[in-house]
């Protein structure tokens, strides 16, 4: 992913520098090009150049999209649903185990983090 970010950033920097250079040339140049108002060649160039640039951005993006679309089979599936005042959990891989987690009252939870502990903690296996 970092390669795609660097690749796109270089393309965008080249476009920005080119546009700034052309704008400064146009503003500070006293010469006038009489063929600038109507020219099929320049219109062809500024139509094809963005298309080629988009292709250079799209190809690595599509490659990255297909690399990140790896399907793996998880050992366990957990569905977490956030309600206004509590969480609901469902282990759908087993016999539909469902339970809710409510926040512990702050009087029962002295000297601990406020509003961060629940009565039924979620447990997930690790390194299996």
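In the UniProt record's numbering, the protein residues as written are 1 to 128.
By construction, the Cβ of each residue, glycine as well, lies at the ideal position given by its N, Cα and C atoms.
Tell me the DSSP secondary structure of residue i in three-state form.
| i | result |
| --- | --- |
| residue 93 | coil |
| residue 49 | helix |
| residue 78 | strand |
| residue 103 | strand |
Could you tell me which residues DSSP pairs with residue i in its beta bridges?
| i | result |
| --- | --- |
| residue 98 | 90 |
| residue 19 | DSSP, once it has assigned bridges, lists no residue as partnering residue 19. |
Do you know offhand how far residue i's Cα is from residue j's?
| i | j | result |
| --- | --- | --- |
| residue 4 | residue 120 | 42 Å |
| residue 48 | residue 67 | 29 Å |
| residue 125 | residue 60 | 36 Å |
| residue 31 | residue 17 | 22 Å |
| residue 117 | residue 105 | 9 Å |
| residue 74 | residue 64 | 22 Å |
| residue 19 | residue 55 | 19 Å |
| residue 98 | residue 51 | 52 Å |
| residue 6 | residue 12 | 10 Å |
| residue 82 | residue 70 | 28 Å |
| residue 24 | residue 14 | 15 Å |
| residue 26 | residue 72 | 55 Å |
| residue 79 | residue 41 | 59 Å |
| residue 84 | residue 95 | 26 Å |
Cβ atoms of residue j and residue i: under 7 Å apart, would you say?
| i | j | result |
| --- | --- | --- |
| residue 100 | residue 77 | no |
| residue 102 | residue 91 | no |
| residue 123 | residue 89 | no |
| residue 57 | residue 8 | yes |
If we define contact as Cβ-Cβ less than 7 Å, is residue i a contact residue for chain C?
| i | result |
| --- | --- |
| residue 76 | No chain C is present in this structure, which holds just one protein chain. |
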